[in-house]
Every structure is written in structure tokens, then in C-alpha cells.
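Note that the protein sequences, when read in sequence, are chains A and B.
For the first sequence, the residue numbers in my numbering are 20 to 406.
For the second sequence, the residue numbers in my numbering are 20 to 406.
Quick reminder that beta carbons are idealized off the backbone N, C-alpha and C, glycines included.
Below you'll find the structure, written out as C-alpha cells, and then a few comments.
There are 2 protein chains.
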Amino acid sequence: MVQPPVLGMVGAGQLARMTHQAAISLGLSLRVLAASDGDSAALVAAEVEFGDHRSLPDLVGFAERCDVVTFDHEHVPPEHVRALVDKGCTVRPGPDALRYAQDKLAMRARLAELRLPQPAWRSVTSYDDVARFAAETGWPVVVKAVRGGYDGKGVWFLAAGDRLPPVECIVEERVRLRRELAVLVARRPSGEVRAWPVVETVQRSGICVETVAPATDAPADAVVLAETIAVELDVTGVLAVELFERDDGGLAVNELAMRPHNSGHWTIEGARTSQFEQHVRAVLDWPLGDAAPTATYAVTANLLGGADPNLAGRLSAALDADPALRVHVYGKEPRPGRKLGHVTALGDDLVTVRSRARAGAAVLTGEPQPTEEPQPTGEPQPTEEPA
Amino acid sequence: MVQPPVLGMVGAGQLARMTHQAAISLGLSLRVLAASDGDSAALVAAEVEFGDHRSLPDLVGFAERCDVVTFDHEHVPPEHVRALVDKGCTVRPGPDALRYAQDKLAMRARLAELRLPQPAWRSVTSYDDVARFAAETGWPVVVKAVRGGYDGKGVWFLAAGDRLPPVECIVEERVRLRRELAVLVARRPSGEVRAWPVVETVQRSGICVETVAPATDAPADAVVLAETIAVELDVTGVLAVELFERDDGGLAVNELAMRPHNSGHWTIEGARTSQFEQHVRAVLDWPLGDAAPTATYAVTANLLGGADPNLAGRLSAALDADPALRVHVYGKEPRPGRKLGHVTALGDDLVTVRSRARAGAAVLTGEPQPTEEPQPTGEPQPTEEPA
């Protein structure tokens with residue numbers, strides 16, 4: 020009998036949880052490497068191992084019991100990813116691709132080589148370096164930690180005279196932007212690439228709080244740009260390309276993530292194949308699914324823990340208020356500011372769909388949601404990542 | 020902190036597997052009582068207990084660790100269901116409702132009291148009883164075991180002179196039928212009822228092999244009939260009402276099931292709220308979700324194990340052949356005739372959608388699928404249930 024492959028994911032956050040949900044349909048059960056038994060995916064998966072994603076022995080032990088290993092986050096040390104490959108493990112995305120999602124300097128340098136659009140940037144080691152850069156682009160500038168940043172962490176806006184943070188950094192121009200966009204594509208090792216429609220993302224304090232799919236009047240070259248990155252960087256699995264749309268309409272790559280991504284949660288109901296199922300197919304080198312939308316608009320609002328972060332007590336009220344709202348609760352211990360779930364509304368009228376998603380989020384978080392279009396801040400926003 | 024409720028399901032077949040998948044979105048993890056570690060849901064759920072659904076101690080031990088208990092099948096002895104309630108467990112559907120899905124004599128008598136349409140029938144204990152009934156309705160007649168039948172088991176077509184099977188039976192007229200239909204409704208204890216559109220079901224050897232949602236020209240009274248049964252029998256959770264549409268267009272209730280049902284698998288992608296999520300909401304007495312369709316047509320083909328029942332080796336070919344096909348593999352040990360999965364195609368043109376579902380099933384099962392409309396057989400078909 021042909022046994023289905025054992026797919027393992029390092030990390031057991033909500034991305035692993037939703038990947039497990041999708042894998043079940045394909046006859047699989049995702050094996051996760053969890054840090055603790057309260058991890059979002061550890062609560063629902065049958066095959067849970069406990070270990071530290073920074074420990075090579077833990078990673079090796081886990082990988083040896085998997086046919087393919089993939090990731091819920093970018094925090095596995097690059098040398099460990101490479102060591103797994105050296106030991107014969109199948110790791111997707113592989114270390115040569117993954118480094119561009121782990122190391123902003125490597126990413127910027129590679130995109131420059133490829134002549135792909137991105138903010139003006141420079142590697143810096145001193146305030147003087149930053150000041151020289153700012154003399155060309157103007158203050159303030161954006162300083163980013165080369166490694167380890169996520170959800171607004173590792174990103175600083177520097178004005179003239181501000182101190183440089185004591186970590187390895189790059190500096191980027193502060194992009195005057197019309198809005199932020201994201202393109203998700205999936206690519207399998209044998210080469211097939213499929214992209215979902217471009218989405219608009221709305222960030223607050225560096226965390227994605229809302230996605231609108233598709234983005235209205237999406238620039239025609241955004242999908243080609245994302246596909247090019249997937250191919251040139253030899254990405255396998257889902258690649259999220261976060262983009263700035265400049266005031267003049269030009270695009271600039273903000274961040275890359277090589278895994279299912281917050282900006283793709285709408286695909287669970289809003290696309291024929293979700294980003295989670297597609298990631299499974301892609302890393303197993305199975306044929307990719309149709310990424311076409313299933314509705315005219317899908318708006319996802321993320322549920323960030325508010326002053327009373329306990330969603331469970333408000334779930335019934337949210338279901339009652341909008342029977343067609345799609346609710347996803349991650350089962351995580353509630354804490355203010357933590358990503359605890361998301362809701363997706365679908366329909367033909369964008370204003371209505373957006374307002375339903377926001378209303379659902381307001382009920383579930385117990386926090387008022389913005390009812391106005393947020394104004395472009397002109398400030399680049401860091402990539403989001405599961406908390 | 021408000022803890023989410025612990026929902027337990029007795030039985031760990033594919034219905035439990037897909038219920039777990041749906042429960043995850045609501046922040047839950049389905050606890051299942053499995054017979055063995057190879058059970059479909061036991062392969063993917065985090066909280067698996069092992070026990071015998073016919074053992075009262077096993078059931079009590081399981082139920083004591085759940086807030087609400089529901090069922091993957093109808094095979095728990097009725098006296099055990101009642102004993103759980105007597106011990107203070109919350110069981111949904113409750114024993115007073117569930118007996119009508121477990122005992123065909125009780126079901127027929129109750130529907131007769133309610134004056135709801137059903138085939139002519141009689142309780143019989145001898146061949147002479149059957150012969151007297153057949154003198155009124157004509158031979159052959161349909162004999163059904165009062166308890167324990169499923170998937171064509173426990174149903175016999177009797178011609179004059181045939182022996183009566185040695186179990187407690189009822190006899191029913193052989194309905195001349197145009198087609199078979201099914202209506203799924205969900206009902207919560209506090210009374211809310213929601214119905215999905217009527218579907219047409221196609222049976223082969225007593226097993227549902229295909230559902231077409233919605234049924235074309237569905238009779239207007241079918242949904243009301245199913246809702247009436249849900250209310251009058253005090254059903255909680257999902258109720259499947261399998262119907263004959265007679266040659267003259269009249270309806271007759273064939274079977275009842277009080278759980279997610281094969282005829283509702285299309286709702287996973289084809290309705291805003293799937294039968295699995297709705298069952299969870301209903302038995303927890305949470306507000307029900309919108310049951311509106313998401314596509315013009317959804318056709319589901321069941322994957323019955325063929326001569327070479329191993330689906331896993333053909334999965335990649337099926338995904339490749341139709342990237343928009345939705346594939347569900349249950350992870351069960353492959354055996355000829357066993358329900359191993361299902362596929363759903365969605366779209367605007369019924370002929371195309373149906374042919375895609377059948378083509379996908381043909382690739383996955385390795386068996387040719389019917390390309391013509393099956394002709395009505397004039398023979399009633401027994402209810403289907405997970406094998």
C-alpha cells in the first residue's frame with residue numbers, strides 16, 4: 020500500500036493549525052514541532068512533538084521522522100536548516116531560498132541583483148552611515164534589524180540625531196505610499212507556480228489588521244513581480260511578497276515570507292484552493308490547486324487581543340450577529356495585542372463586506388474597529404508574522 | 020478566562036474527522052471515542068480516547084470528560100444513550116430523538132402519527148403478514164430490519180415465496196420513484212432551524228455515490244417536511260431526511276439520520292456553513308450559520324474503494340487533472356467497496372460540474388464512473404451511513 024507522506028512543520032502556531040486543517044482533506048495529518056502543549060496547532064493535531072526550534076538535535080530528531088519538513092515561521096537558525104539538508108532531510112523551502120526571508124540584507128542585495136523594485140536602502144554600521152544615506156533620501160529613515168524582526172519588532176523610524184539600535188541593521192528610505200499590497204504565490208520544486216489575486220493590506224503598529232481581496236485597481240505588474248521572486252529565489256511552498264504602492268503608483272518590495280501568511284487567510288473561503296492547502300501541495304511537490312477567487316470580495320479582519328482578550332465568551336454573540344461571517348479562532352491563550360483569530364466576510368459589495376468583517380472583529384475583540392478608511396501614513400510597515 | 024466547551028463525538032469515522040476539521044475554526048478540538056488508532060478521525064485529532072461504543076462504562080468514562088456528547092453514527096445502544104442522560108451528561112441529539120434514527124418501526128409509527136408522507140408500511144412477524152401486505156401493494160416488497168441496517172445492509176427485496184429474514188422487520192411498498200432527494204437541516208436546542216437546499220442523491224447498491232446540489236426543480240414542500248420532522252422529533256444537531264420523489268411527484272420519507280450525512284459533504288465548499296460546522300454549532304446551542312450556497316451547482320462523488328482501493332497512489336494524478344476539484348481523502352485503510360473519500364466540483368454548468376466530479380472519482384478510484392444519467396430503478400434504496 021502507498022502510504023501518504025509524513026509532512027512535518029517546525030512551529031505550532033496558528034499557521035500550523037490551519038495547515039493541519041487543510042492537510043486533513045488531502046489524507047494527511049500534519050506533524051508539528053511545538054514548544055509547548057498550549058501552542059495553537061498542538062491543541063488540535065494528532066502528531067505533536069515537543070522541542071526547541073533553535074536546537075539542532077531537536078530539529079534533527081523531528082526531521083528524521085518526516086518525509087518533508089516545512090516551517091510555521093522564519094526563526095529556525097539558517098545553519099540548522101542547512102544542517103538538516105546536509106543530513107539528507109527534505110526541507111522546503113530550502114536554506115538557499117529561506118535565507119532571503121531570514122536576512123534582510125541578503126534579501127535587499129539579491130533583489131538589487133535582480134533589478135527588482137524596492138526602497139532605496141543601504142547596509143549601515145554607524146550613525147554616520149545612516150546620516151549619509153539620509154542626506155540623499157531625507158529624514159526620517161527606516162532602520163531594520165537584519166535578522167529576527169517581526170510584527171513591528173526590529174523596525175525603527177530614525178530622525179536626525181537618533182541613536183542607531185545595537186544590532187546589525189540596514190537603513191531604508193521612508194516610502195511615501197498610497198497603500199500596501201501583498202501578493203501570495205505558491206511554487207513547487209518541479210516548477211509550477213500559481214498566484215492568488217493581489218490583496219490590499221492594512222497595518223496598525225506593524226501588524227496586519229485587515230486584508231481586502233482583491234485589491235481594487237491592482238497594478239498589473241505585481242503578480243509578475245512576485246512570481247519572478249519565487250522563481251529567481253527558488254522558493255518552494257507559499258511565498259508572500261509584501262509591497263508598497265508608492266504615491267506615484269510604482270511598486271517596492273517591503274518584505275518576503277516563505278510560508279502561509281496573514282495576508283492570505285482570506286483564501287480559506289475566498290479562493291478555490293487556500294494558501295494552507297497550496298503550501299502542503301507545493302512542499303510535497305504535488306500539483307497545485309486553482310487559486311481563483313470564489314467571491315467578488317473577501318475581507319479578512321484579524322482579531323488582536325484587546326483589553327479583555329478572551330474571545331471565547333463573545334463567540335456566540337459574533338455568530339449570532341452575522342450568520343454568514345466565517346470565524347477562525349486559534350485557541351491561543353488570550354493576551355492583549357496577540358493574534359487570536361480572524362474573521363472573513365465575502366460578497367459582492369466591498370463596502371458591505373468590509374463593514375461586516377470589521378463589525379465581526381469588533382464584537383469578538385470587544386474593541387471598536389475603524390469605520391473609516393485609514394489614511395496612508397507614508398510610513399513603511401514591517402512584515403507581520405504570527406505572534 | 021472562559022474556556023471553550025469540550026465537545027465529544029462517539030465514533031471516529033470520516034464524519035468525526037471532518038467535524039474535527041470544522042471545529043478547529045471555532046476554537047475547538049473535537050474529542051473522539053475511537054475503536055482503534057486507525058480510525059479516520061483518530062488519525063488527525065488531538066484528543067482521542069479508545070473504547071467500545073457498545074460499552075456503557077466506556078461511554079460514561081468518555082462522556083464525563085466532555086461538556087456535550089454527540090455521535091458519528093447511530094449504533095450506540097439506545098439504553099446507553101438514555102443512561103448517559105440519566106447520569107447528567109448532555110447528549111445531543113437526545114435519546115428521545117435519536118431512537119427515530121435507530122428504530123425504523125418507531126420512526127414509521129411516529130411519522131404516521133404526524134401524518135407525514137412515507138411509503139405504505141407495516142410491522143411484520145411472519146411471511147403471512149408480508150403476503151397480506153403485498154396483496155395490497157403488489158410484489159416485490161421491501162423488508163427492512165428494524166434496527167442496525169446501513170449502507171444497503173438490513174434491506175431486502177422480497178418476491179412472493181421468499182423467506183423473511185430472521186430479524187425484527189417492517190415491510191414497505193416498493194416505491195415507483197422518479198429520483199431520490201435529501202434535505203439536511205440543523206436545529207439547536209433553543210429552537211433555531213436552518214436548512215440547506217434540497218439535493219438529489221444517486222445510490223448504487225444501497226450506497227450514496229453522488230449528490231447534486233441543488234436538485235433541479237426541487238419540490239417546494241421538501242424543506243418544510245424536513246424542518247417539521249426536526250421540530251416534531253426534537254432533533255438537535257444535523258438531521259438528514261432521505262426522500263423518495265414518486266413517479267407522480269409526491270414525496271415519501273425513506274430514512275432519517277441525526278448527524279452529518281454523506282448527502283451533505285457538498286456543503287464543505289458549496290455552502291457558506293458546512294454541515295460539520297453547523298452540527299458543532301447546533302449541538303453546542305450556538306447560533307447557526309448561513310446555509311446559503313456558494314456556487315450555482317456543487318456535485319459530490321463518493322470514492323468507494325475499487326479493485327485497487329489504494330487512493331494515495333493516484334492522488335497526484337487527480338490533483339493534476341483538475342486543479343479546481345476539491346478532494347477529501349479520509350485516511351482509512353483502503354478496501355474494495357469502502358468509502359475512502361469524496362470529491363466536489365463546483366460551477367455554473369451542471370453537466371460540466373457533474374462530469375468533473377465523476378472524472379475525478381474515476382481517477383482516484385481507478386474505476387470507470389457512469390457517464391450517463393442513471394435510470395430510476397423503481398426500487399427504494401436504503402439509507403447510507405459511514406462504513
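- Under DSSP, S142/B forms a beta bridge with I189/B.
- Contact of H361/A with chain B is not assigned, every C-beta pair being separated by 8 Å or more.
- The Cβ-Cβ distance between V95/B and V104/B does not fall below 8 Å.
- In this structure the region 187-203 of chain B touches the region 136-148 of chain B; the number of beta carbon pairs closer than 8 Å is three or more.
- In the three-state reduction of the DSSP assignment, L203/B falls in the strand class, which pools E and B.
- For A64/A, the nearest CB of chain B lies under 8 Å from its own CB, placing it at the interface with that chain.
- Short of 6 Å from the beta carbon of A35/A, and not among the five residues preceding or following it, lie these beta carbons of its own chain, in chain order: M28, V51, A60 and D91.
- Nearest neighbour of A153/A by Cα position, chosen from C108/A, T319/A, D77/A and A178/A, turns out to be A178/A.
- Spanning the alpha carbons of T292/A and S44/A requires a straight line of approximately 12 Å.
- Within chain B, the C-beta atoms nearer than 8 Å to that of S48/A come from L62, V63 and G350, in chain order.
- V218/A has its alpha-carbon roughly 13 Å from the corresponding atom of V228/A.
- L322/B and L369/B do not touch by the CB rule: their CB atoms are close to 21 Å apart, not below 8 Å.
- Ranking E132/A, P112/A, A290/A and G225/A by CA distance to the CA of K163/A puts G225/A first.
- About 16 Å separates the Cβ atoms of L303/A and M277/A, ruling out a contact at the 8 Å cut-off.
- Only exposed fits G210/A, as fewer than 16 other CB atoms lie within 10 angstroms of its CB.
- Between T255/A and R207/A a beta carbon distance of about 6 Å is seen, short of the 8 Å cut, so the two are scored as contacting.
- L323/B carries a strand assignment under DSSP once its states are collapsed to helix, strand and coil.
- Put simply, the CB of D181/B is far from chain A, with every gap to its CB atoms at 8 Å or more.
- For chain A, the residues of the region 305-322 of chain B that bring a beta carbon within less than 9 Å of one of its beta carbons are W305, P306, L307, G308, D309, A310, A311, T313 and A314, in chain order.
- Here R373/A carries a helix assignment [DSSP, helix/strand/coil].
- Looking at the DSSP output, C227/B bridges to Q222/B.
- Here L133/A is exposed. Its C-beta has fewer than 16 other C-beta atoms within 10 Å.
- Here DSSP, grouped into helix, strand and coil, assigns R111/B to coil.
- Note: A381/A is not bridge-paired with any residue in the DSSP secondary-structure output.
- Neighbours of Q294/B in chain A, taken as residues at a C-beta separation under 7 Å, are lacking, since the least C-beta distance is about 15 Å.
- For M37/A, the enclosing alpha helix (DSSP H) begins and ends at Q33 to S44.
- Under a 10 Å Cβ-count criterion, T371/B is classified as exposed, with fewer than 16 other Cβ atoms of the shown protein chains found around its own Cβ.
- If the five residues before and after W175/A are omitted, its C-beta is found closer than 7 Å to the C-beta atoms of V162 and P184, all from its own chain and listed in chain order.
- The continuous alpha helix (DSSP H) containing T286/B extends over residues T286 to G289.
- Taking CB atoms only, P355/B has no neighbour in chain A less than 8 Å away.
- Under DSSP, H347/A forms a beta bridge with H361/A.
- Around the C-beta of G350/B, 16 or more other C-beta atoms lie within 10 Å, and the residue is accordingly described as buried.
- By the rule that beta-carbons nearer than 8 Å mark a contact, H347/B touches chain A.
- The beta carbon of V242/A does not come within 8 Å of any beta carbon belonging to chain B, so the residue lies off that interface.
- In this structure, DSSP gives L330/B a state outside helix and strand, which the three-state scheme calls coil.
- Under a criterion of Cβ atoms nearer than 7 Å, the residues of chain B adjacent to I43/A are, in order, R36, Q40 and V63.
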